[in-house]
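Residue numbers (my numbering), protein chains in the order written: chain G, 4 to 452; chain Y, 73 to 392. Note that beta-carbon positions come from the ideal geometry of N, C-alpha and C, so glycine has one too. The structure displayed is predicted, hence computed values, not measured ones.
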Amino acid sequence: MIRSFLERAPIRRLLVIVGVVAVIELITGPPGSNQYPTSGFTGSYAEAASFFGLFRTQRWVVFLALALVAWGIVELWTRYGATIRSRSSSALAGPRQVSEKRPVRVGFALALLVLGILLPHIVNNAFWQSALVTYVAIYVLLAIGLNVVVGFAGLLDLGYVAFYAIGAYTTAWVTGALPTPPPFGHALDAFWAIPFAVVFVVIAGVLLGAPTLRLRGDYLAIVTLGFGEIITIFANNLYGITGGSTGTQQIPHPVFHVGPIKYSWGLAPVPYYYLALGSVVLFLVIFSLLQRSRVGRAWTAIREDEVAAESLGINPLKFKVMAFAVGAASAGFAGVITASADNFLFPSSFTLTFSINILVLVILGGMGSISGVVVGAIIIQVIQAYLNHTPPSGYQQPDLYIYVGALLITMMIFRPAGLIPSRQRRREISLYEESHEGHPDEVLLGDDV
Amino acid sequence: MGSFGHYLATHFDTLKAEFWFLFVGGVANGLLYAMVAVGYTLVYGVLRLINFAHSEIFMSGGFAGYFVLRAMVGATVPTGFTSVLIIVLGIAAAGTAGAAAATLVERVAYRPLRRRRAPQLAYLISAIGASYFLFNLAGKEFGHLSVSDPQPYVNHTVFTIFGAPVLMYDLIILVVSVIMFIALDWLVGRTRLGRGIRSVAQDAETASLMGVNIDRTIAITFIVGGALGGVAGFLYGLNIGVVYNMGFVPALKAFTAAVLGGIGNLRGAVVGGLLLGIVENLCVVFVQAAYIDVVAFGILVLVLLVRPTGILGERLGRTA
Chain G
4 MIRSFLERAP
14 IRRLLVIVGV
24 VAVIELITGP
34 PGSNQYPTSG
44 FTGSYAEAAS
54 FFGLFRTQRW
64 VVFLALALVA
74 WGIVELWTRY
84 GATIRSRSSS
94 ALAGPRQVSE
104 KRPVRVGFAL
114 ALLVLGILLP
124 HIVNNAFWQS
134 ALVTYVAIYV
144 LLAIGLNVVV
154 GFAGLLDLGY
164 VAFYAIGAYT
174 TAWVTGALPT
184 PPPFGHALDA
194 FWAIPFAVVF
204 VVIAGVLLGA
214 PTLRLRGDYL
224 AIVTLGFGEI
234 ITIFANNLYG
244 ITGGSTGTQQ
254 IPHPVFHVGP
264 IKYSWGLAPV
274 PYYYLALGSV
284 VLFLVIFSLL
294 QRSRVGRAWT
304 AIREDEVAAE
314 SLGINPLKFK
324 VMAFAVGAAS
334 AGFAGVITAS
344 ADNFLFPSSF
354 TLTFSINILV
364 LVILGGMGSI
374 SGVVVGAIII
384 QVIQAYLNHT
394 PPSGYQQPDL
404 YIYVGALLIT
414 MMIFRPAGLI
424 PSRQRRREIS
434 LYEESHEGHP
444 DEVLLGDDV
Chain Y
73 MGSFGHYLAT
83 HFDTLKAEFW
93 FLFVGGVANG
103 LLYAMVAVGY
113 TLVYGVLRLI
123 NFAHSEIFMS
133 GGFAGYFVLR
143 AMVGATVPTG
153 FTSVLIIVLG
163 IAAAGTAGAA
173 AATLVERVAY
183 RPLRRRRAPQ
193 LAYLISAIGA
203 SYFLFNLAGK
213 EFGHLSVSDP
223 QPYVNHTVFT
233 IFGAPVLMYD
243 LIILVVSVIM
253 FIALDWLVGR
263 TRLGRGIRSV
273 AQDAETASLM
283 GVNIDRTIAI
293 TFIVGGALGG
303 VAGFLYGLNI
313 GVVYNMGFVP
323 ALKAFTAAVL
333 GGIGNLRGAV
343 VGGLLLGIVE
353 NLCVVFVQAA
363 YIDVVAFGIL
373 VLVLLVRPTG
383 ILGERLGRTA
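This is how it looks when you write it as structure tokens:
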């Protein structure tokens with residue numbers, strides 16, 4: 004009796020929603036400590052709160068009310084969602100067709116570029132001006148690079164931070180900020196770090212990729228994860244070469260000096276923003292050209308079906324290594340810009356956490372969709388900057404990663420192709436899932452990624 | 073070259089002198105790795121997936137055990153029967169917590185994707201998400217600083233092997249892990265349940281046609297692996313202490329152990345764990361302590377490249 008009641012679809016949905024809301028309540032609540040391990044839990048549910056100023060009560064009442072509201076919306080959606088969706092898609096069909104025309108897309112991209120150029124003058128605020136560099140532009144650069152590896156070629160790289168670290172350390176090395184003597188015996192300008200960094204990360208990408216990219220997808224993930232950890236361990240302990248755990252704090256600002264033209268970057272964030280924006284645009288152009296080229300099609304083929312791709316004469320290893328190296332290049336760039344803008348680097352900033360944060364940016368926007376990844380990265384990084392700048396009560400910086408984890412699971416359950424999926428990727432995932440429809444109890448997984 | 077020869081000679085002398093001492097520590101570590109590795113291997117057997125969230129199962133066991141110890145251990149270190157009781161309670165709590173965490177991960181991060189028959193990349197990402205969510209939530213609720221477990225026993229030398237002391241802690245690990253491995257071997261090899269697990273590992277589709285409830289089998293596999301992982305977390309915490317991200321490094325090593333022994337092979341996981349623990353401990357003589365993790369990891373890469381099926385070989389479906 005009770006069991007059949009609980010198994011009715013709306014009741015099940017209510018229970019799931021209440022459970023999810025209870026978890027949200029916990030992760031938005033006050034922190035606990037190992038001395039008072041229950042304080043976080045009791046605080047999360049029993050602390051005083053108000054429901055949009057309507058009535059003052061305890062948190063659990065507020066959240067229960069929110070859960071009921073959410074349940075109501077979900078029930079309405081299951082009843083009327085299909086009609087709303089079909090109507091909205093037919094209403095959007097016209098604009099969508101227009102938006103897919105090439106001149107419209109180019110015009111839109113140019114408008115965004117102009118907005119990007121004007122942005123630091125629009126947000127006339129010291130924190131947000133520097134946040135545009137340190138939180139947004141650098142991360143967009145990293146995300147579009149990781150997108151080449153994860154999105155285009157379908158390889159899960161959890162050691163992406165290593166390439167960023169190599170870029171940053173190369174900058175420190177070239178400018179003579181490390182205990183290791185700089186190349187050619189004298190310190191060069193930070194600008195010269197860019198070619199060095201790109202060459203080094205590409206070499207590192209090939210060295211790491213060539214042996215490991217033969218492995219299955221999940222093995223690859225673990226090997227790259229370990230590679231990222233090893234780079235951090237070395238950076239932390241090779242005092243004579245990397246400066247050890249204290250890193251270095253003497254990286255000079257870059258100077259561009261070719262012929263009569265000379266420009267020096269200083270402490271102000273806005274010039275770095277333009278440097279980063281320039282690199283983002285450069286890599287956006289390179290990556291979208293690559294995506295549409297023979298190489299991009301080979302990546303897609305390998306991602307969709309490696310065996311079939313191989314039978315068509317594509318050498319999977321070659322193209323996978325290429326994806327690794329190409330994706331690493333933008334991380335190297337990002338490393339150079341960060342190191343020279345900050346003037347310092349510490350090995351403790353290059354952790355697995357960092358790699359996963361970049362992965363989240365790629366997944367939110369949509370693996371394989373360049374515009375999606377850019378939008379996803381901007382959304383998450385602006386939220387992160389806001390939370391760090393003006394933390395709400397009970398929020399600590401590491402709490403962000405709880406949300407990040409929850410977001411990864413949620414995206415994989417409800418929208419694996421991302422917020423703004425590339426059309427091809429969306430088709431691919433739905434085709435894959437349809438083609439594996441079989442016996443209802445079948446749990447076989449594809450052994451291809 | 074001469075200085076390198078000298079380096080090797082002096083270090084081999086140290087190795088000879090310290091061998092049994094390092095060996096005992098290595099066996100204790102190795103048994104812990106093996107208990108975690110078994111969890112990876114079980115899940116790999118039925119799902120063909122590496123459970124990235126296994127490190128957090130280990131961590132939940134560590135915390136559950138820590139809270140039991142905090143509640144039970146008073147101002148003086150308990151002895152005799154009280155010690156045994158507290159340790160048994162800690163193991164029970166840690167095993168339960170590990171099993172609960174594993175069930176949660178399976179229900180939230182795996183089952184919805186299985187229903188949709190998602191591609192492999194999706195599973196990896198959602199499992200990473202689950203791991204991230206769990207350990208950072210633990211950090212929020214229990215603080216981000218490491219805390220040491222109250223000691224439920226006097227850690228004296230019980231006996232010596234070739235002059236190397238075997239501590240109470242080592243003995244506890246040995247007894248608990250051997251009991252659990254025997255129980256597991258019996259469960260998987262001799263019971264109806266184990267037959268279900270093995271059949272799903274061999275061929276899930278056929279198994280379901282033969283009337284094996286696949287969802288239930290997978291859930292139970294997670295519970296069994298989770299219980300072992302949780303207990304390992306408790307035993308690890310007894311010595312090292314607990315902290316929100318305590319699972320990361322041991323889990324990476326346990327995964328190495330599972331691959332080393334042949335992933336999907338239960339006995340292989342035990343062999344791999346022991347081997348990795350001992351080799352890693354002996355390497356302390358040759359490399360600085362900071363680089364020990366690099367050694368374990370180098371072994372992983374080497375095994376994957378040279379013999380990806382491990383020492384005993386992948387025995388998918390014949391996990392006996």
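Between Tyr435(G) and chain Y, the shortest Cβ-Cβ separation is below 7 angstroms. Listed in chain order, the positions of the segment 204-217 of chain Y with a beta carbon within less than 8 angstroms of a beta carbon of chain G are Tyr204, Phe205, Leu206, Asn208, Leu209, Gly211, Lys212, Glu213, Phe214, Gly215, His216, Leu217. Under the criterion of beta carbons closer than 8 angstroms, Ala109(Y) and Gly344(Y) qualify as touching, at roughly 6 angstroms.
Counting only residues of its own chain and dropping the five nearest sequence neighbours on each side, Val151(G) has a CB closer than 7 angstroms to the CB of Phe290, Ala326, Val329, Gly330. Taking 7 angstroms as the cut-off between beta carbons, none of the residues of the segment 112-146 of chain G comes near chain Y. Contact of Leu320(G) with chain Y is not assigned, every C-beta pair being separated by 7 angstroms or more.
By the rule that beta-carbons nearer than 7 angstroms mark a contact, Met325(G) does not touch chain Y.
Counting only Cβ-Cβ distances below 7 angstroms, Ser425(G) has no contacts in chain Y at all, with the closest Cβ about 15 angstroms away.
Taking a beta-carbon distance threshold of 7 angstroms, Asp160(G) does not count as an interface residue toward chain Y.
Ranked by Cα distance from Leu116(G), the options Leu285(G), Trp268(G), Leu158(G), Pro198(G) are led by Leu285(G). For Pro185(G), same chain residues with a beta-carbon under 8 angstroms away, outside a window of 5 residues either side, are Trp176, Val177, Thr178, Gly179, Leu191 in chain order. Contact between the segment 281-294 of chain Y and the segment 109-124 of chain Y is present: three or more C-beta pairs spanning the two stretches fall below 8 angstroms. Interface flag for Ile233(G) against chain Y is set, since a Cβ pair is found closer than 7 angstroms. Distance from the Cα of Ser352(G) is smallest, within the candidate group Asn128(G), Gly250(G), Gln100(G), Leu144(G), for Gly250(G). As computed with DSSP, Ala236(Y) is found in a beta bridge with Ile233(Y). Between the segment 369-379 of chain G and the segment 417-432 of chain G there are three or more C-beta pairs closer than 8 angstroms, enough to call the two in contact.
The beta carbon of Ser198(Y) sits closer than 7 angstroms to some beta carbon of chain G.
Leaving aside the five residues that flank Val126(G) on each side, the residues in its chain whose CB is nearer than 8 angstroms to its CB run, in chain order, Gln132, Leu135.
The contact set of Asp365(Y) on chain G, defined by CB atoms closer than 9 angstroms, consists of Gly229, Glu232, Ile233, Ile236 in chain order. Glu78(G) and Pro33(G) do not touch by the CB rule: their CB atoms are close to 32 angstroms apart, not below 8 angstroms.
Not flagged as an interface residue toward chain G: Val359(Y), since no C-beta distance is shorter than 7 angstroms. Rounded to the nearest angstrom, the Cβ distance from Pro350(G) to Asn239(G) is 5 angstroms, consistent with a contact under 8 angstroms. Counting only the Cα atoms, Gly215(Y) lies some 18 angstroms from Pro395(G). For Gln61(G), the uninterrupted beta strand (DSSP E) segment begins and ends at 59-61. Within the same chain, Cβ atoms closer than 8 angstroms to the Cβ of Ser42(G) are found at Pro33, Gly35, Ser36, the five residues on either side in sequence being excluded. Going by beta carbons, Ala337(G) and Leu145(G) fall inside the 7 angstroms limit.
Residues of the same chain with their beta carbon placed closer than 7 angstroms to that of Arg186(Y) are lacking, with the five preceding and five following residues left out of the count. No residue range can be given for Ile335(Y), since it is assigned to no alpha helix (DSSP H) and is classified by DSSP as neither H nor E. Apart from the 5 residues on each side of it in sequence, Tyr308(Y) sits with its Cβ closer than 8 angstroms to the Cβ of Leu104, Phe130, Gly134, Met318, Pro322 in its chain, given in chain order. The Cβ-Cβ distance between Ile163(Y) and Pro224(Y) does not fall below 7 angstroms. Judged by their CB atoms, Ser220(Y) and Gly340(Y) are not nearer to each other than the 7 angstroms cut-off. With contacts defined as CB atoms closer than 7 angstroms, Val359(Y) and Leu87(Y) fail to qualify as a contacting pair. Secondary structure note for His126(Y): it is in no beta strand (DSSP E), and the uninterrupted alpha helix (DSSP H) holding it is 126-144. Of the residues assessed, Asn128(G) falls on the exposed side of the cut-off, its CB having fewer than 16 other CB atoms within 10 angstroms. A direct Cα-to-Cα measurement between Asn227(Y) and Leu243(Y) gives close to 10 angstroms. Secondary structure remark: continuous alpha helix (DSSP H) runs of at least 4 residues inside the segment 154-183 of chain G, in chain order: 164-177.
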